[in-house]
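In full-length UniProt numbering, the protein residues as written are 1 to 514.
Heads up, the thing below is written out as structure tokens.
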Amino acid sequence: MKGGDEEVATPAGPPQPLDWKFSKVFGERIAGEEIQEVDIISAIEFDKTGDHLATGDRGGRVVLFERTDAKDHGLSRRDLERTDYPISRHPEFRYKTEFQSHEPEFDYLKSLEIEEKINKIRWCQTANSALFLLSTNDKTIKFWKVQEKKIKKISKIIADPSKAVGNGNVASSSNSNSPKPFPTNGVSPDRSCNHLGNDISFPPGGLPSLCLPVVVTSQETNLVARCRRVYGHAHDYHINSISNNSDGETFISADDLRINLWNLEISNQSFNIVDLKPANMEDLTEVITSAEFHPAHCNMLAYSSSKGSIRLIDLRQSALCDSHAKLFEESEAPGSRSFFTEIIASISDIKFAKDGRYILSRDYMTLKLWDINMDSGPVATFQVHEYLRPKLCDLYENDSIFDKFECCLSGDGLRVATGSYSNLFRVFGCAPESTEATTLEATKNPMRRQVQTPSRPSRSLNSITRVVRQAETLGVDANGNSLDFTTKLLHLAWHPTENLIACVAANSLYMYYA
């Protein structure tokens with residue numbers, strides 16, 4: 001108490017852990033069903049408004065989903081703002097349309113097959129109710145426009161019955177001076193249709209009426225996807241990232257050694273802004289693994305490397321940004337280096353927070369949150385599947401150690417998420433003093449793999465690692481559940497304004513809300 005009557009405001013603690021619930025699944029796999037390789041989803045992305053979601057698969061197809069709960073509620077935005085009660089409905093999505101983005105190709109100069117698999121999808125600014133997005137496979141980026149168009153139908157009208165057709169000739173009008181019609185299909189208008197054969201005959205008095213096809217525009221609409229531009233022949237290595245600039249005019253594409261800057265309007269020219277290729281390839285020590293523009297500053301972008309570092313570059317410094325403005329990397333603990341150190345340190349994905357202040361990175365074992373104003377080390381580190389560390393040798397033998405997991409942040413920046421094996425994904429609280437660490441499974445019952453744990457486990461996950469030390473087999477996680485390394489949750493995305501996560505398990509798209 002202060003001054004007798006005033007209460008001292010207690011500081012608000014960290015947000016409570018979210019209670020995740022199943023929302024919807026698209027393409028649910030039936031038990032025993034064999035999954036086709038081309039149906040496996042390889043990319044996922046929400047647009048900035050959160051009203052649309054796009055997925056790409058290994059068959060080169062892009063599938064679009066649209067939010068329906070806002071439309072179905074029946075209230076305008078102004079009416080919703082006037083209401084005194086919050087709308088408690090969670091975001092719901094439905095299938096919108098799909099189109100074939102890429103086809104398999106063959107590079108004859110290098111005798112190399114280019115598969116149609118979609119590596120990344122990025123949404124662009126909408127215009128005139130049309131949707132725009134970029135999609136890329138290993139070599140070619142395409143700019144797509146998806147728009148509703150009114151369907152044109154063929155309707156029949158009946159001409160004046162007095163103008164009948166007889167003996168193959170159209171009855172002439174009262175005006176004998178009217179010009180002769182132009183030849184149709186190469187047949188002279190003066191020539192009788194009787195030349196077609198003696199089998200054709202017309203009833204006496206001619207046909208009662210002439211039906212003419214007329215094209216009319218109906219009120220029904222159909223979604224049409226059209227490729228506006230193709231950005232190709234600019235990468236010698238496989239494209240791993242594309243990212244839109246906040247200026248709405250440019251974007252970048254990154255492969256293992258180079259980052260190119262494009263203008264959306266110009267498809268035959270790009271500018272190389274980062275080049276890591278040495279004069280002698282034997283001197284190559286690291287490759288680019290991911291790249292992304294700053295969400296607010298059009299002159300800044302970040303890219304990660306296979307050595308576990310993140311470089312922030314400023315396009316205003318020079319045309320070729322070989323020197324970085326800031327370098328983010330974590331120093332090695334003394335005596336901790338092993339054969340697998342560099343492999344598991346390789347960053348597979350980076351994401352900027354919505355305000356651009358933080359960068360989230362994912363390496364094989366951990367999630368790291370970096371403050372762009374502090375390059376001494378990450379501000380938080382989250383152990384994703386620490387129980388696999390004793391089994392890195394086995395993971396190397398079956399190539400699982402090279403799996404590339406993606407990561408995402410919530411719109412408010414309070415939580416981060418990433419995937420793991422057995423179709424599991426983890427959600428961590430990154431607010432100060434938060435100890436939220438939730439494990440969910442991409443099924444209709446996301447909590448079924450959970451065990452009874454304290455409501456606020458420690459961020460270091462000591463309770464989990466203690467259980468791990470008791471597990472001696474590769475296929476057992478911290479909760480004693482068997483692990484399946486063939487089912488991995490690599491791709492997921494967080495809705496930009498709601499607590500909704502969309503994640504991919506093979507050919508199925510699952511959505512969860514809290």
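For every residue, glycine included, the Cβ atom is placed at its ideal position computed from N, Cα and C.
For clarity, every value in this text was computed on a predicted model and none was experimentally measured.
query: Drop a sphere of 10 angstroms on the beta-carbon of His52, count the other beta-carbons inside from all chains shown, and report buried for 16 or more, exposed for fewer.; result: buried
query: Could you have a look at Lys444 and say whether DSSP puts it in helix, strand or coil?; result: coil
query: Where Pro446 and Phe251 are concerned, what is the direct C-alpha to C-alpha distance, given to the nearest angstrom?; result: 36 angstroms
query: Roughly how far, in whole angstroms, is the beta-carbon of Phe65 from the beta-carbon of Tyr95, given that I think they are within contact range, below 8 angstroms?; result: 6 angstroms
query: Is it buried or exposed for Ile154, if we count other Cβ within 10 angstroms and need 16 for buried?; result: exposed
query: Which stretch, first to last residue, makes up the alpha helix (DSSP H) that contains Ala345?; result: 341 to 345
query: With three or more C-beta pairs closer than 8 angstroms as the rule, is the region 138 to 152 touching the region 219 to 230?; result: yes
query: In whole angstroms, what separates the C-alpha of Glu306 from that of Glu282?; result: Here residue 306 is Ser; the residue named in the question, Glu, does not match the sequence. Ser306 and Glu282: Cα-Cα distance of roughly 16 angstroms.
query: Output the distance between the C-alpha atoms of Lys404 and Asn240, rounded to the nearest integer angstrom.; result: 11 angstroms
query: Can you pull the DSSP bridge partners for Gly429?; result: Arg415
query: The beta strand (DSSP E) with Leu264 in it runs from where to where?; result: No beta strand (DSSP E) holds Leu264; DSSP gives it neither H nor E.
query: Once DSSP output is grouped into helix, strand and coil, what is the label at Leu424?; result: strand
query: Taking Cys298 as the reference, which of Ser304, Ile313, Ser338, Gly308 has the closest Cα?; result: Ile313
query: Rounded to the nearest angstrom, what separates Leu109 and Ile30 at their Cα positions?; result: 43 angstroms
query: Reducing DSSP to helix, strand and coil, say where Ser336 ends up.; result: coil
query: Who are Gly13's beta bridge partners in DSSP?; result: Gly13 is not bridged to any residue.
query: Can you tell me whether Lys110 is helix, strand or coil according to DSSP?; result: coil
query: What is the C-beta distance between His235 and Lys139, in whole angstroms, given that I count them as a contact (C-beta under 8 angstroms)?; result: 6 angstroms
query: DSSP three-state label for Glu103, please.; result: coil
query: From what residue to what residue does the beta strand (DSSP E) around Cys408 run?; result: 407 to 409
query: With which residues is Phe402 paired in a DSSP beta bridge?; result: For Phe402, which the question treats as bridged, DSSP gives no partner whatsoever.
query: For Val216, name the three-state secondary structure that DSSP assigns.; result: strand
query: Going by DSSP in three states, Arg226 sits in which element: helix, strand or coil?; result: strand
query: What do you reckon, are the CB atoms on Phe46 and Ala505 nearer than 8 angstroms?; result: no
query: For Arg258, count neighbouring Cβ atoms within 10 angstroms of its own Cβ and tell me buried if that reaches 16, exposed if not.; result: buried
query: List the whole-angstrom C-beta distance separating Ile273 from Leu327, where the pair is believed to meet the contact cut-off of C-beta under 8 angstroms.; result: At roughly 17 angstroms, the Cβ-Cβ gap does not stay under 8 angstroms, so Ile273 and Leu327 are not in contact.
query: Using the Cα positions of Glu332 and Ser309, report the straight-line distance between them to the nearest angstrom.; result: 12 angstroms
query: Indicate the three-state DSSP secondary structure (helix, strand or coil) for Glu286 in the structure shown.; result: coil
query: Opposite Trp123 in the DSSP bridges: which residues?; result: Leu133
query: Within 10 angstroms of its Cβ, does Pro17 collect 16 or more other Cβ (buried), or is it exposed?; result: buried
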